[in-house]
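K.L.:
The structure follows.
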Amino acid sequence: MRIDSFIRLAVILLLAPVRIALAAPMSAPLPPDHLSIAQLPAPSPHWIYVYDEAFNNETDSRLNLYDGDAHRLLGQIDTGYYPGFSLSPDGHTMAVATTYWSRGGHGQHTDVIEFTDTRSLSITGEVVLAPTRTQGPPTFYNLSYSKDQRFIYSTNLTPAASMSVIDVAKKQVVADFDTDGCVQAYASLERRVSSICENGKLLSVTVDDTGHEIARDFSERFFDVDQDPVFIQAAPSTNGMVFVSFLGMVHAVDLKTAQPTFPTPWSLVNAAQRGHWRPGGTQMIALHKTLGTLYVTMHQGGEGSHKVGGSQIWVFDANTHRRIARWTIDLAKYGTAIAVQVSQDEKPLLFVSTETSTLLTLDGKTGRLLHAEAKMGQTPWYLINP
Amino acid sequence: MRIDSFIRLAVILLLAPVRIALAAPMSAPLPPDHLSIAQLPAPSPHWIYVYDEAFNNETDSRLNLYDGDAHRLLGQIDTGYYPGFSLSPDGHTMAVATTYWSRGGHGQHTDVIEFTDTRSLSITGEVVLAPTRTQGPPTFYNLSYSKDQRFIYSTNLTPAASMSVIDVAKKQVVADFDTDGCVQAYASLERRVSSICENGKLLSVTVDDTGHEIARDFSERFFDVDQDPVFIQAAPSTNGMVFVSFLGMVHAVDLKTAQPTFPTPWSLVNAAQRGHWRPGGTQMIALHKTLGTLYVTMHQGGEGSHKVGGSQIWVFDANTHRRIARWTIDLAKYGTAIAVQVSQDEKPLLFVSTETSTLLTLDGKTGRLLHAEAKMGQTPWYLINP
Amino acid sequence: MQQRLDRLLERASRHVAQRTSRRGFLGLFGAALTGATLLPLLPVSRGGQAMAAEPTGANAVDDPASCDYWKYCAIDGFLCACCGGTSSSCPPGTTPSPITWIGTCHNPADGRDYMVSYNDCCGKTSCGACSCNRNEGEKPMYRLSLNNDANWCMANDNPNYHCSVSVLLGVAGQ
Amino acid sequence: MQQRLDRLLERASRHVAQRTSRRGFLGLFGAALTGATLLPLLPVSRGGQAMAAEPTGANAVDDPASCDYWKYCAIDGFLCACCGGTSSSCPPGTTPSPITWIGTCHNPADGRDYMVSYNDCCGKTSCGACSCNRNEGEKPMYRLSLNNDANWCMANDNPNYHCSVSVLLGVAGQ
Numbered sequence: 095m096r097i098d099s100f101i102r103l104a105v106i107l108l109l110a111p112v113r114i115a116l117a118a119p120m121s122a123p124l125p126p127d128h129l130s131i132a133q134l135p136a137p138s139p140h141w142i143y144v145y146d147e148a149f150n151n152e153t154d155s156r157l158n159l160y161d162g163d164a165h166r167l168l169g170q171i172d173t174g175y176y177p178g179f180s181l182s183p184d185g186h187t188m189a190v191a192t193t194y195w196s197r198g199g200h201g202q203h204t205d206v207i208e209f210t211d212t213r214s215l216s217i218t219g220e221v222v223l224a225p226t227r228t229q230g231p232p233t234f235y236n237l238s239y240s241k242d243q244r245f246i247y248s249t250n251l252t253p254a255a256s257m258s259v260i261d262v263a264k265k266q267v268v269a270d271f272d273t274d275g276c277v278q279a280y281a282s283l284e285r286r287v288s289s290i291c292e293n294g295k296l297l298s299v300t301v302d303d304t305g306h307e308i309a310r311d312f313s314e315r316f317f318d319v320d321q322d323p324v325f326i327q328a329a330p331s332t333n334g335m336v337f338v339s340f341l342g343m344v345h346a347v348d349l350k351t352a353q354p355t356f357p358t359p360w361s362l363v364n365a366a367q368r369g370h371w372r373p374g375g376t377q378m379i380a381l382h383k384t385l386g387t388l389y390v391t392m393h394q395g396g397e398g399s400h401k402v403g404g405s406q407i408w409v410f411d412a413n414t415h416r417r418i419a420r421w422t423i424d425l426a427k428y429g430t431a432i433a434v435q436v437s438q439d440e441k442p443l444l445f446v447s448t449e450t451s452t453l454l455t456l457d458g459k460t461g462r463l464l465h466a467e468a469k470m471g472q473t474p475w476y477l478i479n480p
Numbered sequence: 095m096r097i098d099s100f101i102r103l104a105v106i107l108l109l110a111p112v113r114i115a116l117a118a119p120m121s122a123p124l125p126p127d128h129l130s131i132a133q134l135p136a137p138s139p140h141w142i143y144v145y146d147e148a149f150n151n152e153t154d155s156r157l158n159l160y161d162g163d164a165h166r167l168l169g170q171i172d173t174g175y176y177p178g179f180s181l182s183p184d185g186h187t188m189a190v191a192t193t194y195w196s197r198g199g200h201g202q203h204t205d206v207i208e209f210t211d212t213r214s215l216s217i218t219g220e221v222v223l224a225p226t227r228t229q230g231p232p233t234f235y236n237l238s239y240s241k242d243q244r245f246i247y248s249t250n251l252t253p254a255a256s257m258s259v260i261d262v263a264k265k266q267v268v269a270d271f272d273t274d275g276c277v278q279a280y281a282s283l284e285r286r287v288s289s290i291c292e293n294g295k296l297l298s299v300t301v302d303d304t305g306h307e308i309a310r311d312f313s314e315r316f317f318d319v320d321q322d323p324v325f326i327q328a329a330p331s332t333n334g335m336v337f338v339s340f341l342g343m344v345h346a347v348d349l350k351t352a353q354p355t356f357p358t359p360w361s362l363v364n365a366a367q368r369g370h371w372r373p374g375g376t377q378m379i380a381l382h383k384t385l386g387t388l389y390v391t392m393h394q395g396g397e398g399s400h401k402v403g404g405s406q407i408w409v410f411d412a413n414t415h416r417r418i419a420r421w422t423i424d425l426a427k428y429g430t431a432i433a434v435q436v437s438q439d440e441k442p443l444l445f446v447s448t449e450t451s452t453l454l455t456l457d458g459k460t461g462r463l464l465h466a467e468a469k470m471g472q473t474p475w476y477l478i479n480p
Numbered sequence: 031m032q033q034r035l036d037r038l039l040e041r042a043s044r045h046v047a048q049r050t051s052r053r054g055f056l057g058l059f060g061a062a063l064t065g066a067t068l069l070p071l072l073p074v075s076r077g078g079q080a081m082a083a084e085p086t087g088a089n090a091v092d093d094p095a096s097c098d099y100w101k102y103c104a105i106d107g108f109l110c111a112c113c114g115g116t117s118s119s120c121p122p123g124t125t126p127s128p129i130t131w132i133g134t135c136h137n138p139a140d141g142r143d144y145m146v147s148y149n150d151c152c153g154k155t156s157c158g159a160c161s162c163n164r165n166e167g168e169k170p171m172y173r174l175s176l177n178n179d180a181n182w183c184m185a186n187d188n189p190n191y192h193c194s195v196s197v198l199l200g201v202a203g204q
Numbered sequence: 031m032q033q034r035l036d037r038l039l040e041r042a043s044r045h046v047a048q049r050t051s052r053r054g055f056l057g058l059f060g061a062a063l064t065g066a067t068l069l070p071l072l073p074v075s076r077g078g079q080a081m082a083a084e085p086t087g088a089n090a091v092d093d094p095a096s097c098d099y100w101k102y103c104a105i106d107g108f109l110c111a112c113c114g115g116t117s118s119s120c121p122p123g124t125t126p127s128p129i130t131w132i133g134t135c136h137n138p139a140d141g142r143d144y145m146v147s148y149n150d151c152c153g154k155t156s157c158g159a160c161s162c163n164r165n166e167g168e169k170p171m172y173r174l175s176l177n178n179d180a181n182w183c184m185a186n187d188n189p190n191y192h193c194s195v196s197v198l199l200g201v202a203g204q
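Residue numbers (the numbering used here), protein chains in the order written: chain E, 95 to 480; chain L, 95 to 480; chain Y, 31 to 204; chain A, 31 to 204.
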């Protein structure tokens, strides 16, 4: 070994004078590393969960937790196949409803809700469901915690639509009810959950302390399914939800009232733009609840283009209904914007995932591009605030 | 509907005179389609199984069956996680040894061999294994049918190395034996299986009618593990196997003899090339058994470059040890050649998968590029003849 | 196998018929009527899209391995024609879904609009080839029979989605 | 947790020690000796590779999120430093492998060669970020302790591979 070291030193001296000048050959050797498991830093509103459907390998979807300030991944939650997800009101638990098979993608399948501690990204428990769980597009409303965090509403589609109620403390399914063909679970009040229906109404069901239905009501019809349907990818607002339609009408829903009420819809587009500029993608709107800023991925296209991502982000004041800004996506670099989410703090970051699997981080007030993170999985179709 | 049809006709007449000229508006409408399940055509030596590790989603690996003449996929066998695979001597069954979890990629895990009928691509049965199966690089020798098709040798690594013997008819594990740290399963004679060892020897074990070991022998040392190790990705030959070393030595092994014998090794490279041109990739050699043509993916590189794919395919006559041809890969278009396989018929096709997940089909005699199939999965690391 | 398919389709139709009035689910035949009410909107937009699609290949509209194939006007997923099947047959070893979503597509060769059933083929993991997403007349999941986002393998013994086929049902509105 | 890790490492070492003589498996400490016998080959080739790597970034050799980081000379897989961990810590919710493969890497900052243990982090599916494959001194699977193709999560409760870390063990040959 001694001779060997001399040879090496000679080679270094001959070939790499810069390297040896920088080195301190007589310094103490580096101490051994300590193998450990990283802990998550203190939570930040600038974190974002990026849902990767992994469309070419759909049994292996996942949520990637990303730090929008440090521009790095913080960890991963495995989410199986066509998952639903819901964050507990206290923020400490990510509930994931998903499907697993005994043999990868075949054999017996099991529907289950798994609970992950968001502070350790470890699974802490599960509830097995009937194998009837909704396997639909990723939204934050295939599954929903009740506002008091006592229950989880889990949507079913067989194709008949229904809902299961899970008692969070008992970790078991305690009730089921039919939803008259209405889909998704928008929680409000203490124990009410609303679904969106083919007749353009909301169905709202209230459950009691045991999770069983005690009341149901249809709202008035608030949109026209044939002429201008709303996307189910809605954004939560201070008083309820905001929906946007294929043609760019904004339908706010107030869920703090005894029955859902509907402020007058307003339009993202003027008469000349209508039908030519449209919202589109897999998560086309994001709302900053306290600032009232609405971000929409917009593209130019006609009927049937509602899943085309945005070439621009249009920014609105949701209170005055005025457009504040239009931010252009560098299509050559990133492709269209398919999903958008905004952090809910006073210095908001706007996260935009693109069809080339890039996650863009923009200043939510100025639109300045702060970072572009390439290769955020295969198909980052949905973004969730922590 | 009538009025509507008139409007449509008018629009077509106004906007699309070419379309209407081509159309036959008074022809009978197209008949309804018949929903069915496709049957595989008659087998062809020009089919190839492309193993996709799906490295970014490793629980969802698969074998894609591809037709090298029709240039199309024929179907898919799901292969789970880090699989081994072996084709039955009669060609009718693809055995896949793999690992599944009760919850996608977590929960209880189960090691299992699944049997797929190669004529229907349906799973016909399985054998559950102890959870000790080798999870190594994809080769055709993590699992191996005995030559008489009565048993399957399934390799284990815990990291202790051993082998399990599965009775194919009984569909159960009937025996296990330690392999003294030697790995892989190269079947020969009726009931013998050889493994490759750290001491540069082959260990050969013979089993009886019940699958139990009745003899074991170490061969002579046939390569130098320290100075010039051989790749475990060997190619089957008429009499046994062909291995190639990091520096390009060809080590043939004759397994038809009572004990393995080793013809004199020969070199793919001349003195000037040695150490500068090297074989490399994930499946660096392919042998046409009857024509004796050896194909090697070669690159320019030094120590540690043995997984770099080939910039060229070098073609040798394995009988005369003479190089016949050098075929250059269009690196700008396809990236390096990581895996190579040749069909075993008289008009051989050479299949080459590349680091950009393209499957190239070349004329095996002239090297002419016949087809380039893009997007053959994520990571097509290994190619198997039908 | 064909017998089994017929039984599945029959069962699905009955299932739909039983539930249509109550929960408004529009199935195989319900969707035909619904599609008809959409027709006034279609000629102009469809013409526009057809022209936009032309640069991708003159015969793409007739090629079942192309996303521009005319029957695929509301498909979403991997084309079975690229996965070992055809435009209307599932790849070997997979099973067609008995329930479907519905589109109405214009056939440029005869100038007619046809109703198309989009069945998923199920039982193996994502095929991954020829990903194709077209949405003429497609609606959100609350109008389920016109929705192509739901996993239509949901009611299969194995709900694992592999690829999608298009099955001509007949001329629209007849 | 640290206690558990220590126990795992201790168990692994013992396991290796028990089996080394019989089946030639070279583990944590066996590999150190093996690595030493390889050293005569290393200076020239390593120098060549270091120079080839330089164009990818002046500081890449010091950046744990770069495949060119000096400690990664025999790593194969996703860099945990890109997955929520660091160069020597596993991401939250994953578990390090108690068994490892070994490399010998040259540190350009002090001119020394170090032994490095490459542990896999296990229990979640493929991280997918920063795929990195370097093979200085890497050997085929029959020399297991120098092989980076085997799934080193094989002996974990959950053998699902997520990413890889590099753990400095000490100066090589000392």
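Where a beta carbon is used, it is the ideal one built from N, C-alpha and C, also for glycine.
Beta-carbon of Leu167 of chain E versus every beta-carbon of chain Y: anything under 9 Å?
P.N.:
Position 73 of the first sequence, counted from the start, is the residue given in the question as residue 167 of chain E. Residue contact with chain Y for Leu167 of chain E: absent (no Cβ-Cβ distance below 9 Å to any residue of chain Y).
K.L.:
Would Pro232 of chain L be called buried (16 or more neighbouring beta carbons within 10 Å of its own) or exposed?
P.N.:
Here residue 232 of chain L corresponds to residue number 138 of the second sequence, with the count starting at 1. Its Cβ being crowded by 16 or more others within 10 Å, Pro232 of chain L is buried.
K.L.:
On the three-state DSSP scale, how would you describe Asp92 of chain A?
P.N.:
What you label residue 92 of chain A is simply residue 62 of the fourth sequence in a count that begins at 1. If DSSP states are grouped into helix, strand and coil, Asp92 of chain A belongs with the helices.
K.L.:
So, helix, strand or coil for Asn150 of chain L, using DSSP?
P.N.:
For the purposes of this step, residue 150 of chain L is taken as the residue at position 56 of the second sequence. Asn150 of chain L: helix per DSSP, three-state reduction.
K.L.:
Output, in sequence order along the chain, the residues in the region 200-231 of chain E whose CB is closer than 7 Å to any CB in chain Y.
P.N.:
If the cut-off is 7 Å between Cβ atoms, the region 200-231 of chain E has His200, His203, Gln229, Gly230 and Pro231 near chain Y.
K.L.:
Please confirm whether Leu215 of chain E and Ile246 of chain E have their CB atoms less than 9 Å apart.
P.N.:
Along the first sequence, one-based indexing puts residue 215 of chain E at 121. Along the first sequence, one-based indexing puts residue 246 of chain E at 152. In this structure, Ile246 of chain E does not lie closer than 9 Å to Leu215 of chain E by Cβ.
K.L.:
Go through its chain and collect everything with a Cβ distance to Asp211 of chain E's Cβ below 6 Å, but skip five positions before and after it.
P.N.:
For this step, residue 211 of chain E is matched to residue 117 along the first sequence. The answer, listed in chain order, is Thr218.
K.L.:
How is Trp182 of chain Y classed by DSSP in three states: helix, strand or coil?
P.N.:
Within the third sequence, residue 182 of chain Y is the residue found at index 152, counting from 1. Look at Trp182 of chain Y here: in three-state DSSP terms it is coil, with no helix or strand label.
K.L.:
Taking only three categories from DSSP, how would you classify Ser156 of chain Y?
P.N.:
Residue mapping note: residue 156 of chain Y aligns to position 126 of the third sequence, counting from 1. Ser156 of chain Y: coil per DSSP, three-state reduction.
K.L.:
Is it buried or exposed for His192 of chain Y, if we count other Cβ within 10 angstroms and need 16 for buried?
P.N.:
By one-based count along the third sequence, residue 192 of chain Y stands at place 162. Its Cβ being crowded by 16 or more others within 10 Å, His192 of chain Y is buried.
K.L.:
Find the residues of chain L that neighbour Ala185 of chain A, judging by a C-beta separation of less than 8 Å, and give them in chain order.
P.N.:
Taking the fourth sequence and counting its residues from 1, one reaches residue 185 of chain A at position 155. Contact of Ala185 of chain A with chain L by beta-carbon distance below 8 Å involves Thr252 and Pro253.
K.L.:
Specify the secondary structure class of Leu174 of chain Y as computed by DSSP and reduced to three states.
P.N.:
Indexing the third sequence from 1 puts residue 174 of chain Y at position 144. Residue state, collapsed to three classes: helix.
K.L.:
Measure from the C-beta of Leu181 of chain E to each C-beta in chain A and report whether the shortest distance is under 9 Å.
P.N.:
For this step, residue 181 of chain E is matched to residue 87 along the first sequence. Chain A contact via Cβ: absent.
K.L.:
Pick out the complete beta strand (DSSP E) segments inside the region 115-144 of chain A, 3 residues or longer, and give them in chain order.
P.N.:
If you keep only unbroken beta strand (DSSP E) runs of at least 3 residues inside the region 115-144 of chain A, you get 131-137.
K.L.:
What's the gap between the Cα of Pro139 of chain L and the Cα of Gly386 of chain L?
P.N.:
Locating residue 139 of chain L in the second sequence gives position 45, counting from the first residue. Locating residue 386 of chain L in the second sequence gives position 292, counting from the first residue. Roughly 17 Å between the two C-alpha positions.
K.L.:
Need the endpoints of the alpha helix (DSSP H) that Leu425 of chain L sits in, please.
P.N.:
The residue you call residue 425 of chain L lines up with position 331 of the second sequence. From DSSP, the alpha helix (DSSP H) with Leu425 of chain L extends over Leu425 to Tyr428.
K.L.:
Between L:Lys441, L:Glu397, L:Met378 and L:Gly404, which lies nearest to Ala426 of chain L when the distance is taken from Cα to Cα?
P.N.:
Position 332 of the second sequence holds residue 426 of chain L. Ala426 of chain L has its Cα closest to that of L:Gly404, out of L:Lys441, L:Glu397, L:Met378 and L:Gly404.
K.L.:
Determine, using beta carbons only, whether Tyr143 of chain L and Ile478 of chain L come nearer to each other than 9 Å.
P.N.:
As a first step, residue 143 of chain L is located in the second sequence; it is residue number 49 there, counting from the start. As a first step, residue 478 of chain L is located in the second sequence; it is residue number 384 there, counting from the start. Yes. Within cutoff.
K.L.:
Which of helix, strand or coil does DSSP assign to Tyr102 of chain A?
P.N.:
Here the question's residue 102 of chain A lines up with position 72 in the fourth sequence. Look at Tyr102 of chain A here: in three-state DSSP terms it is helix.
K.L.:
Report yes or no: is there a C-beta of chain Y within less than 9 Å of the C-beta of Gly275 of chain E?
P.N.:
Along the first sequence, one-based indexing puts residue 275 of chain E at 181. At least one chain Y Cβ lies under 9 Å of Gly275 of chain E.
K.L.:
Say whether chain C places a C-beta atom closer than 9 Å to the C-beta of Asp154 of chain L.
P.N.:
Looking at the structure shown, chain C is missing, and the protein chains on hand are E, L, Y and A.
K.L.:
Using a C-beta cutoff of 9 Å, does Leu159 of chain L count as contacting chain Y?
P.N.:
One-based indexing of the second sequence puts residue 159 of chain L at position 65. Residue contact with chain Y for Leu159 of chain L: present (Cβ-Cβ distance below 9 Å to some residue of chain Y).
K.L.:
To the nearest angstrom, report how far apart Thr193 of chain E and Val206 of chain L are at their CA atoms.
P.N.:
Counted from its first residue, the first sequence places residue 193 of chain E at position 99. Counted from its first residue, the second sequence places residue 206 of chain L at position 112. Rounded to whole angstroms, Thr193 of chain E to Val206 of chain L spans 21 Å at the Cα level.
K.L.:
Return the residue from the list E:Pro323, E:Arg368, E:Ser313 and E:Gly342 that minimises the CA-CA distance to Asp348 of chain E.
P.N.:
Within the first sequence, the letter at position 254 stands for residue 348 of chain E. The option with the nearest alpha carbon to Asp348 of chain E is E:Ser313.
K.L.:
For Thr187 of chain E, write down the residues that DSSP places opposite it in a beta bridge.
P.N.:
Taking the first sequence and counting its residues from 1, one reaches residue 187 of chain E at position 93. Paired residues: E:Asp211.
K.L.:
Relative to chain E, which residues along the region 125-149 of chain Y have a C-beta separation below 7 Å, given in chain order?
P.N.:
Ile129
K.L.:
Name the residues in the region 152-167 of chain Y whose C-beta lies less than 8 Å from a C-beta of chain L; which are they?
P.N.:
Lys154, Thr155, Ser156, Cys157, Gly158 and Ala159
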